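As structure tokens, the structure follows; a few thoughts come after it.
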Amino acid sequence: MIQHPLQKTLILITFALLFTTPMALAENFTLSSTNLGGQLTEQQVFSGFGCTGKNISPHLQWKNAPPETKSFAVTVYDPDAPTGSGWWHWVLFNIPASVSQLAADAGNPAKKLTPNGSIESVTDYGKPGFGGACPPVGDKPHRYIFTVYALKVEKLDLNSTSPPAMVGYYLNNNALAKASLISYYGR
Numbered sequence: 161m162i163q164h165p166l167q168k169t170l171i172l173i174t175f176a177l178l179f180t181t182p183m184a185l186a187e188n189f190t191l192s193s194t195n196l197g198g199q200l201t202e203q204q205v206f207s208g209f210g211c212t213g214k215n216i217s218p219h220l221q222w223k224n225a226p227p228e229t230k231s232f233a234v235t236v237y238d239p240d241a242p243t244g245s246g247w248w249h250w251v252l253f254n255i256p257a258s259v260s261q262l263a264a265d266a267g268n269p270a271k272k273l274t275p276n277g278s279i280e281s282v283t284d285y286g287k288p289g290f291g292g293a294c295p296p297v298g299d300k301p302h303r304y305i306f307t308v309y310a311l312k313v314e315k316l317d318l319n320s321t322s323p324p325a326m327v328g329y330y331l332n333n334n335a336l337a338k339a340s341l342i343s344y345y346g347r
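Using my numbering, the letters of the sequence shown correspond one by one to residues 161 to 347.
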């Protein structure tokens, strides 16, 4: 049977819409920062463990989240840390869906700049909040992956003592989309 070209086009469009995943529809979900570049600065370097930075989390802003987003989460992860499992520098979740940015230094729990209802979980530094970069001296520059997750749930049933890997498991199981920025730092 010969089909008209318009029929073929309509069939292909229908097929594509039926089998497109929510992750594919969120192609324009993006993360940006007004003070984070390709290289971390003294602002984002840890203060301790032999590092003398200011330990200030960068401003982060996201846009074009999937319409069905019910909350957000933000993580900072170093896959190059010589631990065998990387290093979690920041774990923040249960960010309301109405929020689309975090101010610089929001990762300092004493300043109370995180959105109401959000939870900062313990990092690999052993406490909640942002812990900046501090790779071993002489190691190759490490990658610091800043990621925002658009989630299909309003809240993760976790708390500030939940280990980062557990939070990561829940984030990946509930993600509609995610967007990342990568910065480098070595010393």
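Glycine included, every Cβ here is placed at the ideal spot set by N, Cα and C. Nothing here was measured: the structure is a model prediction, and the numbers come from that model.
To the nearest angstrom, how far is the alpha carbon of residue i from that of residue j?
i	j	result
residue 295	residue 246	11 Å
residue 234	residue 254	9 Å
residue 277	residue 301	35 Å
residue 274	residue 262	7 Å
residue 289	residue 244	22 Å
residue 345	residue 203	12 Å
residue 231	residue 260	10 Å
residue 343	residue 197	6 Å
residue 333	residue 268	27 Å
residue 194	residue 211	24 Å
residue 284	residue 249	7 Å
residue 192	residue 322	27 Å
residue 307	residue 240	16 Å
Within its chain, find whatever has a CB closer than 7 Å to the CB of residue i; leave out the 5 residues flanking it on each side and keep chain order.
i	result
residue 206	213, 215, 291, 292, 293 and 294
From the options, pick the residue whose C-alpha is nearest to that of residue i; which is it?
i	options	result
residue 311	228, 250, 329 and 192	228
residue 341	210, 221 and 209	221
residue 265	298, 219 and 276	219
residue 305	200, 287 and 257	200
residue 347	285, 303 and 270	303
residue 328	240, 256 and 251	251
residue 324	194, 287, 314 and 343	287
residue 190	259, 320, 225 and 283	225
residue 280	333, 236, 257 and 210	236
residue 256	313, 322 and 269	313
residue 223	239, 238, 209 and 258	258
residue 217	239, 188, 240 and 271	271
Apart from the five residues on each side of it in sequence, which residues of its chain come closer than 6 Å, Cβ to Cβ, to residue i?
i	result
residue 309	233, 331, 335 and 338
residue 315	254
Closer than 8 Å by C-beta to residue i: which residues in its own chain qualify, once you throw out the five before and the five after it? Chain order, please.
i	result
residue 242	296 and 299
Need the endpoints of the alpha helix (DSSP H) that residue i sits in, please.
i	result
residue 256	It is not in any alpha helix (DSSP H) - residue 256 instead sits in the beta strand (DSSP E) that spans 247 to 256.
What are the boundary residues of the beta strand (DSSP E) that includes residue i?
i	result
residue 339	335 to 345
residue 307	302 to 311
residue 236	231 to 238
When you measure from the CB of residue i to every non-hydrogen atom of the ligand ADP, does any distance come out below 8 Å?
i	result
residue 273	What this structure holds is no ligand at all, so the ligand ADP is not there to describe.
* Asked: Of all the alpha helix (DSSP H) runs that stay within the bounds of the region 184 to 228, which reach a length of 4 or more residues?
  -> none
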